[in-house]
Amino acid sequence: MSRLASILVVGSLSFTLGNHDMPWPLIARWWPVLRANCESAGADPYLGAAVVMAESSFLPHARGDNGDSIGLFQINVTGGSGTGAPPWFLDIPEVNLAYGCRLLASYAFVFPDDIKSQISAHNQGIRGTQKYGWERVEGYVSRVLGYYSVFKQSL
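Residues in the sequence shown are numbered consecutively from 0, following numbering that gives the first Met the number 0.
This is how it looks when you write it as structure tokens:
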């Protein structure tokens, strides 16, 4: 039995990381889909889980503050994500996860062996990361790395 399954079986449905409760039931629901899509795309599934946690707390129909970012990965439909997809399509959790994992793989291609820049690229785009570096969004990068550590040990 996986560690995640063990946590759910004993009934401890969340724990605190810093000031953030981890929504283990939602994570358990979406982890198999996320893992399969990341592995298919060539992306790190633990990094995918960490980005999703930072972006949406695994809430499948989350919306960004301005309404332009959609779903688990908070894919920006008006920015440079290049989806060309209508917002309703990216609101389908399985589609959002598939596309988000492909985005992560593209960040790894552009920034090989630089996980901080890969994380930054999800937040401020590839061009923003190339121009300003990951330090511009250091708080976001640190938060994702914290989740990444937890997921590497727990999933």
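No residue lacks a Cβ here, since even glycine has one placed at the ideal position from N, Cα and C.
Around the beta carbon of residue 65, fewer than 16 other beta carbons sit within 10 angstroms, so the residue counts as exposed. In this structure, residue 119 places its C-beta atom within 7 Å of the C-beta atom of residue 133. Under the DSSP assignment, residue 28 falls in the alpha helix (DSSP H) whose first and last residues are 23–40.
As DSSP reads the structure, residue 75 sits in a beta bridge with 68.
Counting only runs of at least 4 residues, the stretch 77–124 fully encloses the following alpha helix (DSSP H) elements, listed from N- to C-terminal order: 86–89 and 92–109. From the listed residues 69, 44 and 28, the smallest Cα separation to residue 103 is found for 44. Secondary structure note for residue 46: its alpha helix (DSSP H) is the uninterrupted segment 44–55. C-alpha of residue 130 to C-alpha of residue 110: approximately 13 Å in a straight line.
The straight-line gap separating the alpha-carbon atoms of residue 126 and residue 21 is approximately 31 Å. The beta-carbon separation of residue 30 and residue 154, rounded to 6 Å, stays under the 8 Å limit for a contact. According to the DSSP assignment, residue 142 belongs to the alpha helix (DSSP H) that extends over 137–153. The straight-line gap separating the alpha-carbon atoms of residue 75 and residue 86 is approximately 9 Å. For residue 150, same chain residues with a beta-carbon under 8 Å away, outside a window of 5 residues either side, are 45, 48, 49 and 52 in chain order. Remark: C-beta atoms of residue 24 and residue 59 do not approach each other more closely than 7 Å.
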